[in-house]
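Colleague: Got a structure here, written out as structure tokens. Questions coming.
In structure tokens, the structure reads:
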């Protein structure tokens with residue numbers, strides 16, 4: 006059953022992943038005056054391609070318009086059966102297909118995704134930009150097939 010809480014968790018996690026990717030790179034620029042931890046990223050003209058487990062795919066249709074209004078980015082969601090989601094993410098990165106920009110994943114798949122090169126532990130980099138990064142025991146970010154995060 007899809008509840009409001011499940012919907013909010015899934016969409017919040019995806020939105021956070023979508024916007025968190027460029028933060029470490031921007032932190033290394035040395036221009037701390039330009040960094041605002043409360044700023045909404047401007048992604049005008051960008052389309053974020055997301056594979057979503059089928060129960061959560063519908064939630065993206067409700068969030069697409071407000072997300073685009075806030076960030077300028079469009080969401081293109083591909084529904085994938087939940088039991089195929091991890092394998093699809095690993096295959097996308099390892100094959101170089103680069104079909105997706107952001108991955109949703111369940112905590113039980115973190116080991117498989119890390120071994121497959123899909124995510125990378127960023128705990129050591131968390132201090133590089135203290136206003137936007139908080140280290141946790143499982144700080145990880147998706148890595149696209151072209152090596153960017």
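Numbering (this note's numbering), first residue to last: 6 to 154.
Glycine residues also receive a C-beta, built at the ideal position from the N, C-alpha and C atoms.
Assign residue 63 to buried or exposed, taking buried as 16 or more other Cβ atoms, counted over all protein chains shown, within 10 Å of its Cβ.
Modeller: Counting from one through the chain shown, the residue named residue 63 turns up at place 58. Exposed: under 16 other Cβ atoms inside 10 Å.
Colleague: Once DSSP output is grouped into helix, strand and coil, what is the label at residue 58?
Modeller: What you label residue 58 is simply residue 53 of the chain shown in a count that begins at 1. Strand, per DSSP.
Colleague: Would you kindly work out how many angstroms separate the C-alpha atoms of residue 99 and residue 112, rounded to a whole number?
Modeller: If you number the chain shown from 1, residue 99 lands on position 94. If you number the chain shown from 1, residue 112 lands on position 107. C-alpha separation (whole angstroms): 20 Å.
Colleague: Taking the C-alpha atoms as reference points, what is the distance between residue 30 and residue 59?
Modeller: The residue you call residue 30 lines up with position 25 of the chain shown. The residue you call residue 59 lines up with position 54 of the chain shown. Bear in mind that the predicted position of residue 30 carries a pLDDT of just 43, short of 50, making it unreliable; the figure below should be weighed with that in mind. If you take the alpha carbons of residue 30 and residue 59, they lie about 32 Å apart.
Colleague: Which runs of the beta strand (DSSP E) at least 3 residues long sit entirely within the stretch 71-111? Give them in chain order.
Modeller: 79-85
Colleague: Looking only at DSSP bridge pairs, what is residue 45 linked to?
Modeller: Counting from one through the chain shown, the residue named residue 45 turns up at place 40. Bridge partners of residue 45: none, in fact.
Colleague: Between the alpha carbons of residue 28 and residue 95, how many angstroms are there, rounded?
Modeller: As a working mapping, residue 28 is identified with position 23 in the chain shown. As a working mapping, residue 95 is identified with position 90 in the chain shown. At residue 28 the pLDDT is 41, less than 50, meaning the model places this residue with poor confidence; the figure from the coordinates comes in the next sentence. One C-alpha to the other measures close to 23 Å.
Colleague: Taking 8 Å as the cut-off, does the stretch 66-77 touch the stretch 103-112 (at least 3 CB pairs, one atom from each stretch)?
Modeller: no
Colleague: What's the C-alpha gap between residue 80 and residue 46?
Modeller: Position 75 of the chain shown, counted from the first residue, corresponds to residue 80. Position 41 of the chain shown, counted from the first residue, corresponds to residue 46. If I take the Cα positions, the gap works out to 15 Å.
Colleague: Within 10 angstroms of the Cβ of residue 129, are there 16 or more other Cβ atoms? Answer buried if so, exposed if not.
Modeller: Locating residue 129 in the chain shown gives position 124, counting from the first residue. The residue is exposed, with fewer than 16 neighbouring Cβ atoms inside 10 Å.
Colleague: Give me the Cβ distance between residue 49 and residue 77, rounded to the nearest whole Å; I'm assuming they're in contact under 8 Å.
Modeller: By 1-based counting over the chain shown, the position of residue 49 is 44. By 1-based counting over the chain shown, the position of residue 77 is 72. With a Cβ gap of about 4 Å, residue 49 and residue 77 count as contacting.
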